[in-house]
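Using the working numbering, count along the sequence shown one by one with no gaps and you end on 694.
For glycine and all other residues, C-beta sits at the position ideal for the given N, C-alpha and C.
Model, not experiment: these values are computed from the prediction.
Presented below is the structure to which this report refers.
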Amino acid sequence: MSEESPELEARLAEQDELEPAESFAEQANVSDPEIYDEFENEWPDCWRQAADLLDWETDYEQVLDDSNPPFYEWFTGGSLNASANCLDRHLSARGDEAAIEWIGEPVDEDNRTYSYEELHREVNEFAAGLREMGVEEDDVVTMYMPMVPELPIAMLACARIGAPHSVVFAGFSADALATRMNAADSEYLVVADGYYRRGEPLDHLGKANEGLSGVNHEVAATVVVDRLGPNNDDFGHGLTDNQYDYDAVVAGHSGAVVEPVDRDAEDMLFLMYTSGTTGQPKGVKHTTGGYLSWTAWTSQSVLDIKPDDTYFCSADIGWITGHSYIVYGPLALGTTSIMYEGTPDHPERDRLWEIVEDYGANQLYTAPTAIRAFMKWGTEYPDDHDLSSLRLLGTVGEPINPRAWQWYHQHIGDEECPIVDTWWQTETGGMMVTTLPGTKNMKPGSAGPSLPGVDAMVVDESGEPVGAGEAGYLTVEKPWPGMLRTLYRNDERFIEEYWEEYSDTDSDDPDDWVYFPEDGAKVDEDGYITVLGRVDDVINVSGHRLGTMEIESAIVDVEGVAESAVVGGNHEIKGEAVYAYAITEDGQEPSDSLRSQIESSVQDAIGPIARPERIVFSPDLPKTRSGKIMRRLLENIADGDKLGDTSTLRNPDIVQEIQQEATGDWSAERVSPPRQPHRYCDNLFCPPAVSII
Ligand code: PRX
């Protein structure tokens with residue numbers, strides 16, 4: 002972690018400290034700084050406070066069972082149902098209040114408000130429908146859906162009957178859907194026929210059907226939500242065998258009441274596939290008691306959500322941010338959660354600000370990549386709207402540069418709203434490192450200290466804490482309730498990926514086990530952590546996590562390509578972008594057609610989000626004597642940075658050659674053919690949009 006980019010140095014140098022406004026602190030859910038000491042002294046019992054935010058069917062006997070690390074269990078002996086916690090228990094006091102405000106992309110159509118009562122009714126009806134189709138407790142139901150209200154309904158319906166869901170981001174490809182259904186042996190799928198992007202209906206069912214043809218076991222039933230109405234006619238998909246219309250399923254179970262199934266605290270609530278070091282996505286397993294307590298507690302203490310709030314998270318539910326902070330956390334607290342289908346620039350670049358104004362949003366939780374785009378578009382868009390309802394702003398998904406932070410603070414928060422820069426991951430279930438906004442100062446560019454009761458540290462290669470200001474590796478030294486429990490059906494990989502690096506894996510003493518999130522970080526003298534980015538083969542494009550190996554394998558699938566290396570290079574808006582180096586086979590000349598084939602192959606294997614920003618053909622890759630590709634050099638080339646010492650390379654001459662090729666390529670439009678718009682969506686916010694997270 003010794004090498005750093007000039008951008009990062011600038012980011013660190015610019016850090017300033019800001020106190021949250023008193024008006025915020027006075028009303029904050031958490032305003033007593035003693036909470037940090039209290040949680041430390043009472044750990045792990047402090048987490049009863051999180052569990053207390055939920056209704057338990059059976060009280061738990063033990064807060065933490067750490068007898069078999071790293072297979073920790075939380076709230077053991079307890080049982081509960083997530084759907085009952087997000088719906089039923091709010092009915093008497095808040096049944097008429099809005100649970101979900103859904104806003105479709107086309108401006109001229111009716112938006113939908115679901116009160117808690119209405120949401121409860123439809124969740125029950127759909128749960129009854131799923132049961133009738135044969136879904137049983139512990140069957141994995143896959144959802145491949147855009148931002149339509151039927152997605153959270155389907156998730157909660159599954160939770161109600163104890164069937165874990167596995168949501169696949171709608172922007173992922175057909176292949177990605179098939180891989181995930183195969184990995185989970187999932188026999189049920191819920192999809193939508195399409196969705197809208199910048200006014201255009203997009204064909205989603207076609208992609209889903211293509212995915213289904215790659216599933217290697219029988220698919221018992223597919224439920225299709227009719228999002229496009231007559232616009233679907235253009236795509237010509239009817240329902241085939243075992244495909245059911247969502248509205249008909251719900252209507253067929255009108256008024257049904259499904260008793261929420263009592264789930265053990267440790268029973269799986271859902272699976273979420275995410276990218277890792279190898280090509281195969283990892284099935285992150287989250288549980289009912291720990292995960293739900295974690296998302297409820299962090300929503301309350303970090304996002305400062307109160308039941309009367311209207312809260313807006315612009316993520317897509319297809320990623321963990323949407324699971325935790327559009328669906329489970331906010332609904333567990335009984336608040337109103339806004340869901341927006343489209344892009345922030347349709348029909349104009351003020352769409353988000355219009356939503357904030359129209360709905361009186363109290364919190365906005367978005368990604369740095371979106372903020373950088375807003376900055377670029379200019380202040381006239383937010384300035385045109387009354388944003389005074391906002392009380393708190395949040396960011397997630399990638400580091401935020403202080404300039405973007407300041408812009409957000411000034412132009413969206415009117416210098417009144419605190420900003421929480423929240424570091425966490427799919428695996429952590431919810432937030433881990435960030436300020437508690439009513440108790441801590443903010444330092445732009447730094448996420449903040451670990452949350453109370455969370456033990457994040459920055460260590461060197463041997464696991465020793467680094468000094469203030471030094472770079473090292475982020476670790477989490479103690480378990481926490483929201484943590485993943487394992488990788489689905491792969492305990493071995495779970496240990497290898499997250500624990501082996503810093504743990505004594507022969508020990509059964511939990512103190513010898515340390516979680517490694519694979520991020521680099523720095524810590525300052527106040528314990529504020531600045532996350533520097535991934536240290537594994539994962540890149541972060543607009544806050545979307547992508548595995549370089551998955552992209553490389555799609556590139557070498559193209560005939561004529563012998564080898565490939567993919568790295569993340571700096572990008573003004575996206576933070577990082579995909580830069581691909583491809584070596585052609587002997588006799589195969591680099592060409593525009595080969596370039597297009599590579600782009601298509603990546604799109605087909607993963608989705609448009611993974612399409613390379615640039616593709617450089619080169620005769621070889623820079624390799625060490627042991628044959629390892631020097632990715633750092635490739636990153637330097639992509640960023641146009643000065644290169645360090647190349648003398649230890651087996652083939653030092655190649656570097657200059659690649660650099661020349663790259664410089665020509667980077668700048669000369671003639672080499673890069675005009676990019677074809679993708680048939681699903683194509684642009685900066687691609688895919689789903691606001692869901693830049
Ligand atoms: O590298 C970190 C970055 O996003 C990664 C996790 O990605 P994912 O599992 O897709 O979850 C994204 C939403 C939680 C992390 O390993 N990351 C996330 N939040 C931040 C961040 N990097 C810097 N600052 C953050 N606030």
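- Taking Cβ positions, are A333 and A368 nearer each other than 9 Å? Residue mapping note: residue 333 aligns to position 332 of the sequence shown, counting from 1. Residue mapping note: residue 368 aligns to position 367 of the sequence shown, counting from 1. No.
- Message: Less than 8 Å between C-beta atoms, sequence neighbours within five positions excluded: which residues of the same chain meet that for N30?
- Response: Against the sequence shown, residue 30 aligns to sequence position 29. Within the same chain, N30 has close Cβ partners Q301, S302, D305, I306, K307, G439.
- Residues near L353 in its chain [Cβ-Cβ closer than 6 Å; skip 5 each side]: Translated into positions along the sequence shown, residue 353 becomes position 352. So the qualifying residues of the chain are P345.
- In three-state DSSP terms, what is F313? Counting from one through the sequence shown, the residue named residue 313 turns up at place 312. Shown here, F313 sits in a strand according to DSSP, grouped into three states.
- Item | Backbone secondary structure at E416 - three-state DSSP | Along the sequence shown, one-based indexing puts residue 416 at 415. E416 falls in the coil class under three-state DSSP.
- Those residues which DSSP pairs with N571 across a bridge: Taking the sequence shown and counting its residues from 1, the one referred to as residue 571 is at position 570. DSSP lists E577 as partners of N571.
- Query: Who does Y117 pair with in a DSSP beta bridge?
  - Reply: Residue mapping note: residue 117 aligns to position 116 of the sequence shown, counting from 1. Partner(s): none; Y117 has no beta bridge.
- To which residues does DSSP link A522 through a beta bridge? Within the sequence shown, the letter at position 521 stands for residue 522. Its beta-bridge partners are G473, V532.
- Nearest residue (CA-CA) to D456, options G446, M484, G470, N442: Here residue 456 refers to the residue found at position 455 when the sequence shown is read from its first residue. It is M484 whose Cα lies nearest to the Cα of D456.
- Message: So, at 6 Å on beta carbons, what are the nonlocal neighbours of K283 in its own chain, with the 5 sequence-adjacent residues on each side left out?
- Response: Indexing the sequence shown from 1 puts residue 283 at position 282. Excluding sequence neighbours, K283 sits near T275, G277, L488.
- Query: Helix, strand or coil: which one does DSSP assign to E188?
  - Reply: Within the sequence shown, residue 188 is the residue found at index 187, counting from 1. In this structure, E188 counts as coil in the three-state DSSP scheme.
- Item | Beta-carbon proximity check, L725 vs G641, cutoff 9 Å | For the chain, the structure presents residues 2 to 694; residue 725 sits outside this window and is missing.
- Query: Where DSSP assigns a beta bridge to M284, which residues make up the other side?
  - Reply: Residue 284 sits at position 283 when you count from the first residue of the sequence shown. First, the residue type needs correcting, since residue 284 is Gly and not Met in the sequence shown. DSSP, once it has assigned bridges, lists Y274 as partnering G284.
- Task: With a cut-off of 8 Å on the beta carbons, I'd call V434 and S451 a contact; round off their distance for me.
- Result: Here residue 434 is taken as the residue at index 433 of the sequence shown, counted from 1. Here residue 451 is taken as the residue at index 450 of the sequence shown, counted from 1. Correct: roughly 5 Å between the Cβ atoms.
- Message: Give me, in chain order, the residues of the same chain whose beta-carbon lies closer than 6 Å to that of A257; leave out the 5 immediate sequence neighbours on both sides.
- Response: As a position in the sequence shown, residue 257 is number 256, starting the count at 1. These residues qualify, in order along the chain: N125, E126, A129.
- Range of the contiguous alpha helix (DSSP H) that encloses V251: Position 250 of the sequence shown holds residue 251. Element bounds for V251: 247-252.
- Task: Give the straight-line distance between the Cα atoms of V251 and W425, rounded to the nearest whole angstrom.
- Result: Residue mapping note: residue 251 aligns to position 250 of the sequence shown, counting from 1. Residue mapping note: residue 425 aligns to position 424 of the sequence shown, counting from 1. When rounded, the distance between both Cα atoms is 36 Å.
- Rounded separation between L394 and P419 - CA only: As a working note, residue 394 is residue 393 in the sequence shown. As a working note, residue 419 is residue 418 in the sequence shown. Rounded to the nearest angstrom, the two C-alpha atoms are 6 Å apart.
- Message: Taking the beta carbon of Q411 as the centre, do at least 16 other beta carbons fall within 10 Å, making it buried, or is it exposed?
- Response: Locating residue 411 in the sequence shown gives position 410, where the first residue counts as 1. By the 10 Å Cβ count, Q411 comes out exposed.
- Query: If we call anything under 9 Å between Cβ atoms a contact, is W481 one with T429?
  - Reply: Position 480 of the sequence shown, counted from the start, is the residue given in the question as residue 481. Position 428 of the sequence shown, counted from the start, is the residue given in the question as residue 429. Yes, they are a contact pair.
- Query: Nearest to Y196 by CA position, among D234, V149, E355, I413, is which residue?
  - Reply: The residue labelled residue 196 in the question sits at position 195 within the sequence shown. Nearest option by C-alpha distance: V149.
- May I have a chain-ordered list of the alpha helix (DSSP H) segments no shorter than 4 residues that lie completely inside the stretch 27-111? The alpha helix (DSSP H) runs of length 4 or more contained entirely in the stretch 27-111 are, from start to end of the chain, 36-43, 49-52, 83-87, 92-95.
- Task: Locate the beta strand (DSSP E) running through L393, then write down its first and last residues.
- Result: Locating residue 393 in the sequence shown gives position 392, counting from the first residue. Where L393 is concerned, the enclosing beta strand (DSSP E) stretches over 393-397.
- Looking only at its own chain, which residues have a Cβ that is under 6 Å from the Cβ of T296, when we skip the five neighbours before and after it? Position 295 of the sequence shown holds residue 296. Taken in chain order, the residues that qualify are S325, Y329, G330, G431.
- Query: Got a sec, what are the start and stop residues for the beta strand (DSSP E) A222 sits in?
  - Reply: Here residue 222 is taken as the residue at index 221 of the sequence shown, counted from 1. It spans 222-226 - the beta strand (DSSP E) in which A222 sits, taken as one unbroken run.
- Query: Would S390 pass as a contact of V421 if the rule is Cβ separation under 9 Å?
  - Reply: On the sequence shown, position 389 is the one that residue 390 refers to. On the sequence shown, position 420 is the one that residue 421 refers to. No, the Cβ-Cβ distance between S390 and V421 is not below 9 Å.
- Query: Which whole-angstrom value is the C-beta distance of I638 and Q660, which I expect to be below 8 Å?
  - Reply: Sequence index remark: in the sequence shown, residue 638 carries index 637 (1-based). Sequence index remark: in the sequence shown, residue 660 carries index 659 (1-based). Indeed, because the Cβ distance is near 6 Å, the residues count as touching under 8 Å.
- Task: Please find out if some non-hydrogen atom of the ligand PRX comes closer than 8 Å to the beta-carbon of D520.
- Result: Stepping through the sequence shown from its first residue, residue 520 is reached at position 519. At a threshold of 8 Å, D520 counts as near the ligand PRX, since its beta carbon sits closer than that to one of the ligand's heavy atoms.
- Taking only the alpha-carbon atoms, compute the straight-line gap between S668 and E658 and give it to the nearest angstrom. The residue you call residue 668 lines up with position 667 of the sequence shown. The residue you call residue 658 lines up with position 657 of the sequence shown. Residue placement at S668 cannot be trusted, given a pLDDT of 36 that sits under 50; what the coordinates show is reported in the next sentence. Roughly 16 Å between the two C-alpha positions.
- Message: Let me confirm a value: Q28 is counted as buried when at least 16 other C-beta atoms fall within 10 Å, else exposed. Which label applies?
- Response: Residue numbering aside, residue 28 sits at position 27 when the sequence shown is read from its first letter. Result: exposed.
- Message: Using C-beta distances below 8 Å, list every residue in its chain close to H238, excluding the 5 sequence neighbours before and after it, in chain order.
- Response: Here residue 238 corresponds to residue number 237 of the sequence shown, with the count starting at 1. Cβ within range, chain order: D194, D204, L206, G207, N210.
- Message: Just checking T241 against the ligand PRX - is the residue's beta carbon closer than 8 Å to any of the ligand's heavy atoms?
- Response: In the sequence shown, residue 241 corresponds to position 240, counting from 1. For the ligand PRX, not one heavy atom lies less than 8 Å from the Cβ of T241.
- Query: Closest to V136 by CA distance: which of K523, M182, M144, A221 is it?
  - Reply: Walking along the sequence shown from the start, residue 136 turns up at place 135. Selection K523, M182, M144, A221 evaluated against V136 yields A221 as nearest (Cα-Cα).
- Task: Could you say if the stretch 37-54 and the stretch 467-476 meet the contact criterion of at least three C-beta pairs nearer than 8 Å?
- Result: Taking 8 Å as the limit for Cβ pairs, the verdict is that the stretch 467-476 does not touch the stretch 37-54.
- Query: If you compare alpha carbons, which of E526, S80, R228 is closest to D56?
  - Reply: Residue mapping note: residue 56 aligns to position 55 of the sequence shown, counting from 1. Comparing Cα-Cα distances from D56 to each of E526, S80, R228, the minimum goes to S80.
- Nearest-angstrom Cα separation, counted from Y582 out to I372: On the sequence shown, residue 372 is found 371 positions in, with the first residue counted as 1. On the sequence shown, residue 582 is found 581 positions in, with the first residue counted as 1. Using only the alpha carbons, I get a separation of about 30 Å.
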